[in-house]
Amino acid sequence: MFAAVYSTARCPLGVARRAALQLRGMASAAATKQQQPKLERTRAPKALTMYKKPFTQRKQFLFNEYEGQFITSPAIVVIQHHNLSGAEQLEYRRDLKLTAQGARLMIVRSKMVKAVLRNTRFTNLGSLFTGPTAIVYWREAEAGVEEFDSMLAVKQAMDLAKKQKKVILMGAKYGETLLNPDMMKDFVNLPHIDQLRAQVLGVIQSPAQQLSSVLQRIPQRLVGVLQQKVDAEGEGKPEEQQ
Numbered sequence: 002m003f004a005a006v007y008s009t010a011r012c013p014l015g016v017a018r019r020a021a022l023q024l025r026g027m028a029s030a031a032a033t034k035q036q037q038p039k040l041e042r043t044r045a046p047k048a049l050t051m052y053k054k055p056f057t058q059r060k061q062f063l064f065n066e067y068e069g070q071f072i073t074s075p076a077i078v079v080i081q082h083h084n085l086s087g088a089e090q091l092e093y094r095r096d097l098k099l100t101a102q103g104a105r106l107m108i109v110r111s112k113m114v115k116a117v118l119r120n121t122r123f124t125n126l127g128s129l130f131t132g133p134t135a136i137v138y139w140r141e142a143e144a145g146v147e148e149f150d151s152m153l154a155v156k157q158a159m160d161l162a163k164k165q166k167k168v169i170l171m172g173a174k175y176g177e178t179l180l181n182p183d184m185m186k187d188f189v190n191l192p193h194i195d196q197l198r199a200q201v202l203g204v205i206q207s208p209a210q211q212l213s214s215v216l217q218r219i220p221q222r223l224v225g226v227l228q229q230k231v232d233a234e235g236e237g238k239p240e241e242q243q
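For the sequence shown, our numbering begins at 2 and goes up steadily by one.
This is the structure in structure tokens:
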């Protein structure tokens with residue numbers, strides 16, 4: 002037992018982290034495989050490596066983890082990070098959680114994400130995963146807000162990314178819509194959903210109000226015409242009597 006503790010204490014941080022991740026994957030792989038929904042694909046993902054061997058437990062766990070975020074998260078913001086220190090990364094994670102409705106940050110492996118998105122409706126999003134990338138995602142049940150607003154949450158996450166000099170916005174997935182950097186700029190300028198609803202309601206109600214106004218004016222005009230006719234007939238009767 003002493004030897005095991007001693008070897009673990011001297012184990013490099015990277016090796017320990019990989020071992021912990023592998024154990025976690027082995028423990029939850031079976032449950033995840035049964036419970037987690039899958040992305041619809043035109044072709045089944047590869048089950049074997051180029052050497053005709055099954056993928057490791059760690060790779061299977063990461064594949065399922067990434068796939069789960071693209072299914073369950075209402076939106077995903079893709080960012081590229083450059084030389085973020087450990088302290089900066091922790092601060093960025095904290096700011097996301099506090100200011101973007103419980104947003105979470107996940108550092109991802111670009112090749113693995115591309116494998117997850119291949120042959121799905123999000124295939125085009127795979128081109129954004131180049132270099133050191135990460136995703137910002139949400140779990141509505143753990144957002145910590147009374148009413149989760151996905152549009153507002155994405156805007157807040159984008160504003161926070163712009164303030165971080167070592168982070169570059171690459172694109173996003175909002176619902177079933179894929180956004181490139183230019184589209185994301187327009188997305189930020191979109192009015193809030195409540196304002197959009199008010200505008201749509203105003204457009205719908207406007208023709209009805211105009212029609213109601215016209216219908217109300219018709220009886221008034223008709224009464225005016227009839228009154229003019231009565232007055233004209235009244236003026237003509239004295240002349241006939243003479």
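Heads up, the beta-carbon is just placed ideally off N, CA and C, and yes, glycines get one too.
Alpha carbon to alpha carbon, how far is residue i from residue j?
{"i": "Arg140", "j": "Pro46", "result": "26 Å"}
{"i": "Glu68", "j": "Lys167", "result": "26 Å"}
{"i": "Arg122", "j": "Glu41", "result": "8 Å"}
{"i": "Pro38", "j": "Phe71", "result": "10 Å"}
{"i": "Glu66", "j": "Leu126", "result": "17 Å"}
{"i": "Ile80", "j": "Gly172", "result": "7 Å"}
{"i": "Asp187", "j": "Lys174", "result": "14 Å"}
{"i": "Lys156", "j": "Arg59", "result": "33 Å"}
{"i": "Thr124", "j": "Ser74", "result": "17 Å"}
{"i": "Gln165", "j": "His83", "result": "10 Å"}
{"i": "Arg198", "j": "Gln61", "result": "43 Å"}
{"i": "Leu170", "j": "Ala162", "result": "7 Å"}
{"i": "Arg119", "j": "Thr134", "result": "17 Å"}
{"i": "Leu202", "j": "Glu148", "result": "23 Å"}
{"i": "Thr33", "j": "Leu63", "result": "Low confidence applies to Thr33: its pLDDT is 47, below 50, so where it sits in the model is not reliable, and the reading given next is rough at best. Spanning the two alpha carbons is a distance of roughly 11 Å."}
{"i": "Met245", "j": "Ser128", "result": "The chain is shown from 2 up to 243; residue 245 falls before or after that span and cannot be answered."}
{"i": "Ala31", "j": "Thr57", "result": "Caution is warranted here: a pLDDT of 48 is assigned to Ala31, below 50, making its placement in the model unreliable, and the coordinate value is therefore given only provisionally. One C-alpha to the other measures close to 14 Å."}
{"i": "Arg94", "j": "Arg44", "result": "35 Å"}
{"i": "Gly176", "j": "Met152", "result": "10 Å"}
{"i": "Ile205", "j": "Asp150", "result": "25 Å"}
{"i": "Asp160", "j": "Ala154", "result": "10 Å"}
{"i": "Gly103", "j": "Val189", "result": "19 Å"}
For residue i, which three-state DSSP category applies?
{"i": "Pro182", "result": "helix"}
{"i": "Thr73", "result": "helix"}
{"i": "Ala31", "result": "Unreliable positioning characterises Ala31 in this predicted model, as indicated by a pLDDT of 48, which lies under 50. The coordinate reading is nonetheless provided below. Three-state DSSP puts Ala31 in a helix."}
{"i": "Tyr175", "result": "strand"}
{"i": "Met159", "result": "helix"}
{"i": "Ala199", "result": "helix"}
{"i": "Thr131", "result": "coil"}
{"i": "Tyr67", "result": "helix"}
{"i": "Leu118", "result": "helix"}
{"i": "Leu153", "result": "helix"}
{"i": "Leu40", "result": "coil"}
{"i": "Leu49", "result": "strand"}
{"i": "Leu126", "result": "helix"}
{"i": "Val6", "result": "Bear in mind that the predicted position of Val6 carries a pLDDT of just 42, short of 50, making it unreliable; the figure below should be weighed with that in mind. Helix."}
Using 10 angstroms around the beta-carbon of residue i, count the other beta-carbons present and answer buried if the total reaches 16, otherwise exposed.
{"i": "Lys54", "result": "exposed"}
{"i": "Tyr52", "result": "exposed"}
{"i": "Ile77", "result": "buried"}
{"i": "Val137", "result": "buried"}
{"i": "Thr131", "result": "exposed"}
{"i": "Ala158", "result": "buried"}
{"i": "Ala142", "result": "exposed"}
{"i": "Leu191", "result": "exposed"}
{"i": "Glu92", "result": "exposed"}
Cβ contact check for the segment 84-96 and the segment 110-124: 3 or more pairs under 8 Å = no
Touching or not, the segment 177-185 and the segment 88-108, by the rule of three or more beta carbon pairs under 8 Å?
-> no
Pairing CB atoms from the segment 92-106 with CB atoms from the segment 45-64, are three or more of them under 8 Å?
-> no
What are the uninterrupted segments assigned as alpha helix (DSSP H) that are 4 or more residues long and contained completely in the segment 80-116, given in chain order?
-> 87-100
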